[in-house]
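Each protein sequence line maps, in turn, to chains L and Z. Take the first sequence: its letters are residues 138 to 546, numbered as in our numbering. Take the second sequence: its letters are residues 138 to 546, numbered as in our numbering. We put the beta carbon where it would ideally sit given N, CA and C, even for glycine. Scroll down for the structure; my scribbles are underneath it.
2 protein chains.
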Amino acid sequence: MPVNLPIPSAADLCPVPGIRWGVVEAGVRKQNRKDVSICVLDEGSQVDAVFTENRFCAAPVQVCRTHLANGDAIRALVINTGNANAGTGASGLVHANQMAQAAADALGVKATQVLPFSTGVILEPLPIDRVRAGITQAAGVLEADAWLTAAQGIMTTDTQPKAYSRQCVLGGTTVTVTGISKGAGMIRPNMATMLGFVGTDAQIAPALMKGLAKRLADQSFNRVTVDGDTSTNDSFVVMATGVAANAMVTDWASDDGQTLLDALLGVSRDLAHAIVRDGEGATKFITIEVGGGRDTAECLKAAYAVGHSPLVKTAFFASDPNLGRILAAVGYAGISDLDVSGVDVFLDDVQVAQGGGLHAAYTEAQGAAVMAKSEITIRIELGRGSARDTVWTCDFSHDYVSINADYRS
Amino acid sequence: MPVNLPIPSAADLCPVPGIRWGVVEAGVRKQNRKDVSICVLDEGSQVDAVFTENRFCAAPVQVCRTHLANGDAIRALVINTGNANAGTGASGLVHANQMAQAAADALGVKATQVLPFSTGVILEPLPIDRVRAGITQAAGVLEADAWLTAAQGIMTTDTQPKAYSRQCVLGGTTVTVTGISKGAGMIRPNMATMLGFVGTDAQIAPALMKGLAKRLADQSFNRVTVDGDTSTNDSFVVMATGVAANAMVTDWASDDGQTLLDALLGVSRDLAHAIVRDGEGATKFITIEVGGGRDTAECLKAAYAVGHSPLVKTAFFASDPNLGRILAAVGYAGISDLDVSGVDVFLDDVQVAQGGGLHAAYTEAQGAAVMAKSEITIRIELGRGSARDTVWTCDFSHDYVSINADYRS
Chain L
138 MPVNLPIPSA ADLCPVPGIR WGVVEAGVRK QNRKDVSICV LDEGSQVDAV
188 FTENRFCAAP VQVCRTHLAN GDAIRALVIN TGNANAGTGA SGLVHANQMA
238 QAAADALGVK ATQVLPFSTG VILEPLPIDR VRAGITQAAG VLEADAWLTA
288 AQGIMTTDTQ PKAYSRQCVL GGTTVTVTGI SKGAGMIRPN MATMLGFVGT
338 DAQIAPALMK GLAKRLADQS FNRVTVDGDT STNDSFVVMA TGVAANAMVT
388 DWASDDGQTL LDALLGVSRD LAHAIVRDGE GATKFITIEV GGGRDTAECL
438 KAAYAVGHSP LVKTAFFASD PNLGRILAAV GYAGISDLDV SGVDVFLDDV
488 QVAQGGGLHA AYTEAQGAAV MAKSEITIRI ELGRGSARDT VWTCDFSHDY
538 VSINADYRS
Chain Z
138 MPVNLPIPSA ADLCPVPGIR WGVVEAGVRK QNRKDVSICV LDEGSQVDAV
188 FTENRFCAAP VQVCRTHLAN GDAIRALVIN TGNANAGTGA SGLVHANQMA
238 QAAADALGVK ATQVLPFSTG VILEPLPIDR VRAGITQAAG VLEADAWLTA
288 AQGIMTTDTQ PKAYSRQCVL GGTTVTVTGI SKGAGMIRPN MATMLGFVGT
338 DAQIAPALMK GLAKRLADQS FNRVTVDGDT STNDSFVVMA TGVAANAMVT
388 DWASDDGQTL LDALLGVSRD LAHAIVRDGE GATKFITIEV GGGRDTAECL
438 KAAYAVGHSP LVKTAFFASD PNLGRILAAV GYAGISDLDV SGVDVFLDDV
488 QVAQGGGLHA AYTEAQGAAV MAKSEITIRI ELGRGSARDT VWTCDFSHDY
538 VSINADYRS
């Protein structure tokens, strides 16, 4: 049961002119589920992407990197679920290339113009024949208005599809940003076990496209954690078709640039939060804000130490204000010269700790009242600088264990 | 239900000449449980210790460091459970000093000759009056043969006491090494949420005593992890009374030195393993051995990434050979130039992965057979050097969540 995550309706999702999806049931691992998708981009589209930093990156990630470095215009994405094609050696690379080739054949483009993505079980050979047949079939059922179907088509342990749309006006022209994501476990920054695809029809200068995916991920997908596990396949792709009639955005600091960036970031962040809200076994959505650091790196160290602590996460599951566990996690976060007597902690607006100890006015009842909520902000002030950063996570429940003990069965 | 951890019997535990324990029920947090202990050392004893690296180290840890640095001969240890006296600010320090003073008064030594230890809930004020009364009472019931009672007296969420003894012969003289430990959650290196106390009657040169605790911990307590949480109170103390008639050990490389070190390390490692075997919710004892690294630091990075991965740990709980999760954890361990095509993985003697992919001869049945066992060794060969190191951990079960969601209730 996801935390405050409404099921998207097709009516809320605006098509992105220049982008079409085809989604089919190819029986990759299980029958009767949508598991192969193709996303086709009009000519003239630009694509930027970031990928997992796991050294065991999956074969499709390696092929994506090669194709993006190659420089041919990307015209399609193909995605299968049910099998991650990771830890599959040389044959895995052959299969990932065959996925791209199948799409290229169906669309009449080059294989280097296609990016392949896979998600699912690791270390098992990809059933390439079924995936290829699915790609061919998916290329025959392309629709402009299929973002919700695509969101369903990329799910693994997700309990519901994740999709968001925003529109904004750039110099009188309405442009659309729509995106989908998947992922519920093996989630941590750089990156989550996740696939994220965000498209817009806005015209964006090539110089701004370059690095856009990382720019967005660093305030969204790279700031969420469910269990600290970084997957082999994580990928986040931003696509801009340029079909809209807006004046080319050439500077993120311009009015149009800021407006568009807000929309892109809004959708990216909603998609990243959705992954946490649907985190395996999650019952609470927790925002961890760390301020007063010397730099953002140490703020993130503290935030992730708290966000990854099984003791903190189980206490939140139990709605038990066992707040010493938060202080303990800050203490072992690796800020070697941290003076704990400068550390304050807040649960929503309740000050829990002051100067590294229990705040004099704090009562257990106050803590319990906050802990009972399904959306909680832990704010930690390190008291040694002016840097801040924020990470989002969820609690750790019995269901997390159940889901991950049974994943392959 | 601990993993293959026999309950120690008093008959198996040899008293250590020169060391006496007193243990009482002081009602620190709950009634009818042994919760205050005192350990008294004969004059001439030497003590070495290592403590948590958590920046939020508890008040008693700060007092221990001060007293050890002060240089007065340590004559007693006092320990309470039920409350960690951590995150308790200035009054916490006063209380820790008062614990030492209470023992000093009862024994007729200086407060600086006493080391105080606390374990239990964090961020709550220590009920110092009950603790002091308990110390006074404990000093009146000192016994040489009370190591098992002491092991019971320092338990928190432990399901059973942890105590081991070994004897060895140094130049014809039999000497004893006996130790106790506690800890079951908030366990990770540097150090575990644990208290460990090892005593011997052997005569050891002061130059060898210095650093002995760290030397032992680095092959025992600093190599175990249950949940990756480093506590605020972890302490490991080695005590040598010198009451035995052995010729002074002056070199660890001598025959006597090696024999004694083996006994000390054996007891320390048994005590550390016992913490993992009694890990909260543990159903399996897992040895993670990483070889082929350029240095031990990178071996440990890989070992801890695997040992801390909730996905790996839940798969072991489920006896599911979902081995891709092991490779994925190695991949994100932070060895930035790791060539995954050189990585081999073994489960006991079954080779699972070769060159970063599934081993050709591996079958799921082989993996499942190993996973069904209660003692499993994961061996990872990085293929880039000759360094090796080993870490011990347990699996991650429903009961871990239950125990930690209910700890304070």
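Nearest neighbour of residue i, chosen from the options [CA to CA]
i: I341/L; options: S357/L, G320/L, L475/L and N383/L; result: N383/L
i: G333/Z; options: F373/Z, A288/Z, A350/Z and V314/Z; result: F373/Z
i: S509/L; options: M346/L, T420/L and F533/L; result: Inspection of the sequence shows that residue 509/L is occupied by Ala rather than by Ser. The shortest C-alpha separation from A509/L is found at T420/L.
i: L495/L; options: V258/Z, D532/Z, R406/Z and M292/Z; result: V258/Z
i: D179/Z; options: D338/Z, N207/Z and D393/Z; result: D338/Z
i: V480/L; options: T500/L, R516/L and A505/L; result: R516/L
i: N359/L; options: T378/L, T311/L, V413/L and A377/L; result: V413/L
i: K351/L; options: V477/L, A148/L and D185/L; result: D185/L
i: D476/L; options: G224/Z, L475/Z, Q235/Z and V246/Z; result: G224/Z
i: P154/L; options: C176/L, K247/L and A524/L; result: C176/L
i: Q183/L; options: S174/L, A213/L, V173/L and N169/L; result: A213/L
i: L244/L; options: E261/L, L401/L, L263/L and L279/L; result: L279/L
i: D432/L; options: K347/L, A411/L, L519/L and V507/L; result: L519/L
i: G219/L; options: E501/L, T256/L and T249/L; result: T256/L
i: G428/L; options: A233/L, S523/L and V140/L; result: S523/L
i: G504/L; options: L353/L, S456/L, D371/L and A221/L; result: S456/L
i: I211/Z; options: T286/Z, V246/Z, L408/Z and K347/Z; result: V246/Z
i: L408/L; options: A354/L, V312/L, L260/L and H232/L; result: A354/L
Between the CA atoms of residue j and residue i - distance to the nearest angstrom
i: I317/Z; j: C151/Z; result: 12 Å
i: A466/Z; j: T203/L; result: 24 Å
i: G309/L; j: Q395/L; result: 15 Å
i: V165/Z; j: G226/Z; result: 19 Å
i: Q199/L; j: L230/L; result: 8 Å
i: R521/Z; j: E426/Z; result: 15 Å
i: G468/Z; j: L437/Z; result: 13 Å
i: E512/L; j: L142/L; result: 12 Å
i: V215/Z; j: K450/Z; result: 36 Å
i: A377/Z; j: G461/L; result: 34 Å
i: L484/L; j: A241/Z; result: 41 Å
i: P197/Z; j: L252/Z; result: 8 Å
i: P298/L; j: A381/L; result: 27 Å
i: R157/Z; j: D282/Z; result: 7 Å
i: A276/L; j: L205/L; result: 21 Å
i: S478/L; j: G493/L; result: 5 Å
i: R545/L; j: Q491/Z; result: At R545/L the pLDDT is 47, less than 50, meaning the model places this residue with poor confidence; the figure from the coordinates comes in the next sentence. Distance between the alpha carbons of R545/L and Q491/Z: 22 Å.
i: A506/L; j: T500/L; result: 10 Å
i: Q356/Z; j: M236/Z; result: 31 Å
i: N169/Z; j: A470/L; result: 37 Å
i: C201/Z; j: D399/Z; result: 27 Å
i: P343/Z; j: L401/Z; result: 16 Å
i: V489/L; j: A221/L; result: 43 Å
i: F391/L; j: H232/Z; result: The displayed chain sequence assigns Ser, not Phe, to residue 391/L. Distance between the alpha carbons of S391/L and H232/Z: 60 Å.
Neighbour flag for residue i against chain A, beta carbons, 8 Å
i: H232/L; result: Chain labels in this structure do not include chain A; the protein chains are L and Z.
Sequence-distant residues of the same chain with beta carbon closer than 6 Å to residue i, five excluded per side
i: A434/L; result: none
i: K171/Z; result: V160, E162, Q289 and G290
Own chain, CB closer than 7 Å to residue i, minus 5 neighbours either side, in chain order
i: S146/Z; result: none
i: N459/Z; result: A452
i: A239/Z; result: R269, I272 and T273
i: D149/L; result: S302
i: I463/L; result: V443, V449, V482 and I515
Beta-carbon separation (whole angstroms), residue i vs residue j, contact threshold 8 Å
i: V538/Z; j: F533/L; result: 7 Å
i: I472/Z; j: R267/L; result: Contact doesn't hold; Cβ gap of about 35 Å is too wide.
i: E417/Z; j: D536/Z; result: 7 Å
i: P262/L; j: S228/L; result: 7 Å
i: V173/Z; j: N234/Z; result: Going by Cβ atoms, the distance from V173/Z to N234/Z rounds to 16 Å, so no, they are not a contact pair.
Own chain partners of residue i with C-beta closer than 8 Å, once the 5 adjacent residues on each side are dropped
i: V404/L; result: Y301, S302, R303, V314, T315, G316 and V335
i: L307/Z; result: A339, A381, N383, A384, V386, D393, T396 and L397
i: L345/Z; result: V386, T387, D388, W389 and G394
i: M138/Z; result: T296 and T420
What are the complete alpha helix (DSSP H) segments, minimum 4 residues, inside the stretch 326-398 of chain L? 343-346 and 349-354
Going residue by residue through the stretch 258-291 of chain Z, where are the continuous alpha helix (DSSP H) segments of at least 4 residues, counting only ones entirely within it? 265-275 and 284-290
Ranges of the alpha helix (DSSP H) found wholly within the stretch 170-213 of chain L, counting only runs of at least 4: 196-207
Taking only runs that begin and end inside the stretch 424-491 of chain Z, name each unbroken alpha helix (DSSP H) of 4 or more residues, in chain order. 433-445, 447-454 and 461-468
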